[in-house]
Amino acid sequence: MAVTEIHAIRTTLNKALDYIMNPKKTDDRLLVDGFGCSPETAALQFELTKKNFLKEKGILGFHIIQSFSPGEVNYETAHKIGMELADKIFDGKFQFVCATHIDRGHVHNHIIANSVSFENGDKFLSKKHTMYDIRNFSDELCRENRLSVITEPKEKGRSQYEHSLDKKGKSWKSLLRQNIDKAILKTQSWDEFLLYMQKLNYEIKQGKYISFRAEGQERFIRSKTLGTDYTEERLRERICGARTNPTVSLIIDIENCFKEKQKNHEAFRQCATVQNLKTMANTVNYLTERNMLSYSALSEKHTALKEKYNADRTRIKKVEQRLKVIAEDIKNIDNYRKHKPVADKLETVVFKEKYKREHESELIIFTAAEKYLKKRFGGEKAPLIKELRAEQKKLYAEKDKLYSSYNTTKSEIKELDTVMKNVDMILGKGKEKDRQRDVQRKWSGELE
């Protein structure tokens, strides 16, 4: 899920660009890219575009922020989505810089675009519908990347006061969503869910659509008006999905556990549910296929997967950093060679000021490229673009393989985490761990 907003920049464009490109926030500028400009000289190039079309007054640029839910998206995907969002908004006609910040609990994109088009000199107009267009573009990209989307329907006659409460999470609907989400995590069946909601002081009306009314609330709220994840059908699915995934335990231990419970009629009745029987039936298949016949084998496998996951992640970061450097090298080497003849001619022309005005854009780009190359290679000869592209191709192939391995390992770790939790649950180890934790807390309290 991504939330978007847009602001006009009327002063301090330089400061705004410096802020969004802060190396500490953007992984040492690994997550900074520009379109129609070089990020390092974006402010100058924005200004040059305005000068060329005699539109230097008014709004200097537009700042768009796209924030993702915590833990929902990795920074590479977020940056890619940010670049695609900017491309959709500005349709390839406006220069922009996109920077992804990863220094907080949630990943978020900052996009700063020129207010004047470098293609035809038109100004970007932020109207009433612009914010809705941006949100729709953002939602479309989130769906394409399998991220969640805000699905709250438009409500008629909602007051500004209620709207402000909703933004703070304090409206009746926001509170109902929060309590429904809490109830789903706490319950395992539809009846338990309804009972839990009643304990939270909600009056429930069941008919064609299920509705809830909190204590002190005037009208019932149909759950379907909260979004697609809150229809009765979806709520039932979520309650089922909230249960522990039926997976595996250890063969002998589960068989012994099952036999022991057979001796106690009540314990056996609780154990022999369809869900538990499926869990136990899947156990033998899982352990046989993977030859995991002890709890220590599960732990060792988990450790090995974690090490592989971390190694892949570290290497991916190094590859991406190198690809970023190569892309910058290629761009600046190309700009340097392309515009060097223009810069060299400046030494021989008679009317230097006139020549500078006529070739201001080329000279700015050349100066930025020359400065970059001196800093990058320290006066030594820059590598050939052909060699850099060959290295780039190899690294892209390696990156694809690494991501495939990384994602597979991540899924295996997630599965194994669930497996180990279920083993603890089936064998009663979870209760023993809780008991030990309670004892430790009690001793800690006495010591304090």
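Each residue of the sequence shown is one higher than the one before, starting from 703 at the first, in the working numbering.
Note that CB positions come from ideal geometry on N, CA and C, so glycine has one too.
Check: Beta-bridge pairing of Val-818 - partner residues as DSSP gives them; Outcome: Lys-825
Check: Exposure of Ala-704, with buried meaning 16 or more beta-carbon neighbours within 10 Å; Outcome: buried
Check: Other residues of its chain near Lys-727: CB distance less than 6 Å, five sequence neighbours each side excluded; Outcome: His-803, Asp-805
Check: Start and end residues, beta strand (DSSP E) containing Gln-908; Outcome: Neither: Gln-908 is in no beta strand (DSSP E) and is coded neither H nor E.
Check: The region 705-714 contacting the region 793-800, beta-carbon criterion three pairs below 8 Å; Outcome: no
Check: Whether Phe-826 touches Phe-764 by CB criterion (8 Å); Outcome: yes
Check: Own chain residues within Cβ distance below 8 Å of Leu-750, not counting five before or after; Outcome: Glu-1062, Ser-1063, Ile-1066
Check: Local Cβ density within 10 Å of Asn-1037, reported as buried at 16 or more and exposed below that; Outcome: buried
Check: For Asn-816 and Phe-748, the rounded distance between their alpha carbons; Outcome: 6 Å
Check: Chain-order list of residues whose beta-carbon lies under 6 Å from that of Tyr-932 (same chain, five-residue window excluded); Outcome: Ser-925
Check: Three-state class that DSSP yields for Phe-764 in the structure shown; Outcome: strand
Check: Residues near His-810 in its chain [Cβ-Cβ closer than 7 Å; skip 5 each side]; Outcome: Ile-767, Gln-768, Ser-769, Phe-770, His-803
Check: Terminal residues of the beta strand (DSSP E) in which Gly-736 lies; Outcome: 734-737
Check: Pick from Glu-758, Ile-1032, Val-818, Lys-1116 that is closest to Glu-1093, judged by C-alpha positions; Outcome: Ile-1032
Check: Under the three-state DSSP convention, the category Val-1044 falls into; Outcome: helix
Check: Neighbour-count burial assignment, Leu-1162, 16 or more Cβ in a 10 Å radius; Outcome: Given that the chain is displayed from residue 703 to residue 1150, the structure contains no residue 1162 and the question cannot be resolved.
Check: N- and C-terminal bounds of the alpha helix (DSSP H) containing Thr-706; Outcome: No alpha helix (DSSP H) holds Thr-706; the beta strand (DSSP E) holding it covers 704-711.
Check: Given Phe-1151 as reference, the closest of Ala-744, Ser-876, Ser-840 once Cα atoms are compared; Outcome: Since the first residue of the chain shown is 703 and the last is 1150, residue 1151 is not available in this structure.
Check: contact_flag[the region 1108-1120, the region 1066-1084] where n(CB pairs < 8 Å) is 3 or more; Outcome: no
Check: Cβ shell of His-1004 (< 6 Å), same chain only, five flanking positions each side left out; Outcome: Leu-1118
Check: Host alpha helix (DSSP H) of His-1061 (start-end); Outcome: Unbroken run through His-1061: none, as it is neither H nor E.
Check: Best match in Glu-1072, Lys-753, Tyr-1057, Arg-938 for proximity to Ile-1035 [C-alpha to C-alpha]; Outcome: Glu-1072
Check: Beta-carbon contacts of Glu-905 that lie in its chain and below 6 Å, excluding the five residues immediately before and after; Outcome: Arg-915
Check: Unbroken alpha helix (DSSP H) run spanning Ala-801, endpoints; Outcome: Unbroken run through Ala-801 is the beta strand (DSSP E), 798-803; no alpha helix (DSSP H).
Check: Same chain, Cβ closer than 8 Å to Glu-786, neighbours up to 5 away in sequence not counted; Outcome: Leu-843
Check: With 16 other Cβ atoms within 10 Å as the buried cut-off, status of Val-1027; Outcome: exposed
Check: Whether Asp-1014 touches Ser-891 by CB criterion (8 Å); Outcome: no
Check: For Thr-832, the first and last residue of its enclosing alpha helix (DSSP H); Outcome: 832-846
Check: From Lys-782, Arg-845, Ala-999, Leu-762, residue whose alpha carbon lies closest to that of Ser-828; Outcome: Leu-762
Check: Alpha-carbon spacing of Gln-1023 relative to Ser-873, whole angstroms; Outcome: 45 Å
Check: Length of the line joining the Cα atoms of Arg-1091 and Arg-879; Outcome: 51 Å
Check: Strand pairing of Ala-916, partner residues [DSSP]; Outcome: Tyr-904
Check: Limits of the alpha helix (DSSP H) - the one that Glu-786 falls within; Outcome: 777-792
Check: Where Pro-741 falls, given that 16 or more other Cβ within 10 Å makes a residue buried; Outcome: buried
Check: Residue(s) in a DSSP beta bridge with Arg-924; Outcome: Ser-913
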